[in-house]
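Undergrad:
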Amino acid sequence: MKEELVSVIIPIYNASRYLEGTIECIINQSYQNLEIILINDGSTDSSLDICNAYKEKDSRIVVIDKDNSGQSDSRNVGIAACHGTYIYFADSDDEMDPQLIRTCVEGIEGKNTDLYIFNYYKTYIKSKKRRDIEERAFAKGLYDLSDDKKRLKFYTNILLNYGCGFEVWNRLYKAEIIKSNNIRFPIYKPVIAEDLCFNLFYMMYAQNVEVTNNRLYHYLIRDDSSMGADRGLVRINQYNMVSRIFNQYVKDCSNKYFERNYDMIHVLLLYHELMNMELLDMKKELDKVDDRSFLLGHLGKSRFKLLDYIKIMGLLRGVKYNLLSGYYYKGSRVRYIILKKLMK
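Residue numbering for the sequence shown follows full-length UniProt numbering, beginning at 1 and increasing consecutively.
(1) Going by Cα to Cα distance, which pick from W169, L172 and D114 is closest to S146?
(2) Closest to D223 by C-alpha separation, out of T123, T22, V168 and K149, would be which residue?
(3) Between the beta-carbon of L160 and the beta-carbon of L269, is there less than 8 Å?
(4) Could you check whether K311 and D263 sit closer than 8 Å to each other, using their CB atoms as the reference points?
(5) At which residue ranges does the segment 135-186 contain complete beta strand (DSSP E) runs of 3 or more residues, listed in the order of the chain?
(6) How many Å lie between E210 and Y88 at the Cα?
(7) Which two residues bound the contiguous alpha helix (DSSP H) that contains T22?
(8) Taking contact to mean 3 or more Cβ pairs, one atom from each stretch, closer than 8 Å, check whether the segment 148-156 and the segment 176-193 are in contact.
(9) For R215 versus E134, is the C-beta spacing smaller than 8 Å?
(10) Straight-line CA distance for K128 to I23?
(11) Taking all protein chains shown into account, do 16 or more other C-beta atoms lie within 10 angstroms of the C-beta of S325, making it buried, or fewer, making it exposed?
(12) Drop a sphere of 10 angstroms on the beta-carbon of M1, count the other beta-carbons inside from all chains shown, and report buried for 16 or more, exposed for fewer.
(13) Is it buried or exposed, K305, if we count other Cβ atoms within 10 angstroms and call 16 or more buried?
(14) Among D58, E4, G70 and L48, which has the Cα closest to the Cα of I36?
(15) Taking only three categories from DSSP, how would you classify H83?
(16) Going by other Cβ atoms of all chains shown within 10 Å of its Cβ, with 16 needed for buried, is L100 buried or exposed?
(17) Rounded to whole angstroms, what's the CA-CA distance from E3 to L286? Just pull it up for me.
(18) Note down the Cα distance separating S30 from C104, rounded to an integer number of angstroms.
(19) State the CB to CB distance for the pair N199 and V168, rounded to an integer number of angstroms; the pair is presumed to be in contact (CB under 8 Å).
(20) Rounded to a whole number of angstroms, what is the C-alpha to C-alpha distance between Q32 and D73?
(21) Might you give, ordered along the chain, the residues of its own chain that have their beta carbon closer than 8 Å to the beta carbon of M203, omitting 5 neighbours on each side?
(22) Taking the CB atoms as reference points, tell me whether I12 and S47 lie closer together than 8 Å.
(23) With C-beta atoms as the reference, is Y120 less than 8 Å away from N170?
(24) Helix, strand or coil for E4? Go by DSSP, reduced to three states.
(25) Spatial neighbours of residue 365 within its chain, please: C-beta separation below 8 Å, excluding the five flanking residues on both sides.
(26) According to DSSP, is T123 helix, strand or coil?
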């Protein structure tokens, strides 16, 4: 049986310390019909030399050298250059199970899905010791996205509930869907959640999605990794910007159902950064957001839509997020008391 070509796109910027390990993981995949596109994004270390050395040894490798413009633009360059039936995005400093590509291809082709999603390990490396952590389990299942109501349910109950992750490196995509709909990573600063934006765009066209708990990727966290430094108001502003970008995308797609119900997506994007705060602190943080007009414009639409929230999210989640939207928009003592009980 013919194996379809898979394009593996890896953006690279000053990754020389870890790049060889990542490339080795890809070239040693059990699934061998690969086009491996290494995009050097203006690195000032030896990353380009490493890429070229591997290109000399493996004819499947394509090296693109470009001026620095960021990870999203580099991935977009890879999309434009690739020829595969499927596209896989990897980061330049992580590791992959040798069966990753094969498992994904067999998953997509076995059930004729438009997207195959798998789980991953957070792998902590300290003083040369490794520790693999299985965090949350994903919401395993085969999901029908063939109409907008089903698609919105997937967005609100699975994707934005982190039931399948936000990342692009734990998914195999169909190149035809990406290219025929001109789906690209958005370019904006400060950079945050560009993976999530891409997935929000892609799933507007996917007809079905399989989510699994196969852990095929090692997201490496090393001694020199920087995590969690950028939190609070900065992140809320950034997720408000992500919401604005996707809202414009929905309008450009002329998707009236999503336009009418966009407040559900909006509150969930914001709640991603607010979930660990006390209610009063949430309100204080949102009062400081830069683009309050966009923020409040969608939150205010939820006040008369409780039944719609319940139909899409279920009783408890529907009530909770509808009340949260109303509370963010215009705090009230009644909403505060009910939410305190719901969020215990």
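Note that CB positions come from ideal geometry on N, CA and C, so glycine has one too.
TA: Checking against the coordinates, here is how it stands:
(1) Along the sequence shown, one-based indexing puts residue 146 at 146. The candidate whose alpha carbon is nearest that of S146 is D114.
(2) Translated into positions along the sequence shown, residue 223 becomes position 223. Checked all of T123, T22, V168 and K149; the closest Cα to D223 is T123.
(3) As a working mapping, residue 160 is identified with position 160 in the sequence shown. As a working mapping, residue 269 is identified with position 269 in the sequence shown. Closer than 8 Å, so yes.
(4) Along the sequence shown, one-based indexing puts residue 263 at 263. Along the sequence shown, one-based indexing puts residue 311 at 311. Not a contact, by the Cβ cut-off of 8 Å.
(5) 141-144 and 171-174
(6) Along the sequence shown, read from residue 1 onward, the residue named residue 210 stands at position 210. Along the sequence shown, read from residue 1 onward, the residue named residue 88 stands at position 88. Rounded to whole angstroms, E210 to Y88 spans 16 Å at the Cα level.
(7) On the sequence shown, residue 22 is found 22 positions in, with the first residue counted as 1. It spans L19 to I27 - the alpha helix (DSSP H) in which T22 sits, taken as one unbroken run.
(8) At 8 Å Cβ cutoff, the stretches do not touch.
(9) Taking the sequence shown and counting its residues from 1, one reaches residue 215 at position 215. Taking the sequence shown and counting its residues from 1, one reaches residue 134 at position 134. Yes, these two residues count as a Cβ contact at 8 Å.
(10) Counted from its first residue, the sequence shown places residue 128 at position 128. Counted from its first residue, the sequence shown places residue 23 at position 23. Taking the straight line joining both Cα atoms gives about 20 Å.
(11) The residue you call residue 325 lines up with position 325 of the sequence shown. Its Cβ being crowded by 16 or more others within 10 Å, S325 is buried.
(12) Translated into the one-based positions of the sequence shown, residue 1 becomes position 1. Flag for M1 reads exposed.
(13) For the purposes of this step, residue 305 is taken as residue 305 along the sequence shown, with counting starting at 1. Within 10 angstroms of the beta-carbon of K305 lie 16 or more other beta-carbons, which makes it buried.
(14) What you label residue 36 is simply residue 36 of the sequence shown in a count that begins at 1. For I36, the nearest C-alpha among the options comes from D58.
(15) Sequence index remark: in the sequence shown, residue 83 carries index 83 (1-based). Looking at H83 - three-state DSSP - the assignment turns out to be coil, as it is neither helix nor strand.
(16) In the sequence shown, counting from the first residue as 1, residue 100 sits at position 100. Classification for L100: buried.
(17) Along the sequence shown, one-based indexing puts residue 3 at 3. Along the sequence shown, one-based indexing puts residue 286 at 286. C-alpha separation (whole angstroms): 51 Å.
(18) One-based indexing of the sequence shown puts residue 30 at position 30. One-based indexing of the sequence shown puts residue 104 at position 104. The straight-line gap from Cα to Cα measures roughly 12 Å.
(19) Locating residue 199 in the sequence shown gives position 199, counting from the first residue. Locating residue 168 in the sequence shown gives position 168, counting from the first residue. Your pair N199 and V168 checks out as a contact, with CB atoms roughly 7 Å apart and the cut at 8 Å.
(20) The residue given as residue 32 occupies position 32 in the sequence shown. The residue given as residue 73 occupies position 73 in the sequence shown. Rounded to whole angstroms, Q32 to D73 spans 27 Å at the Cα level.
(21) As a first step, residue 203 must be located in the sequence shown, where it is residue number 203. Once the five neighbours on either side are set aside, the close Cβ partners of M203 are L115, L145, R151, F154, Y155, L159 and V209.
(22) Mapped onto the sequence shown, residue 12 falls at position 12. Mapped onto the sequence shown, residue 47 falls at position 47. Yes.
(23) If you number the sequence shown from 1, residue 120 lands on position 120. If you number the sequence shown from 1, residue 170 lands on position 170. In contact: Y120 and N170 (Cβ atoms closer than 8 Å).
(24) Here residue 4 refers to the residue found at position 4 when the sequence shown is read from its first residue. In the structure shown, E4 sits in coil (DSSP, three-state: anything other than H, G, I, E or B).
(25) The structure shown does not extend to residue 365, since the chain is modelled only from 1 to 344, so the question has no answer here.
(26) Counted from its first residue, the sequence shown places residue 123 at position 123. It is a strand residue.
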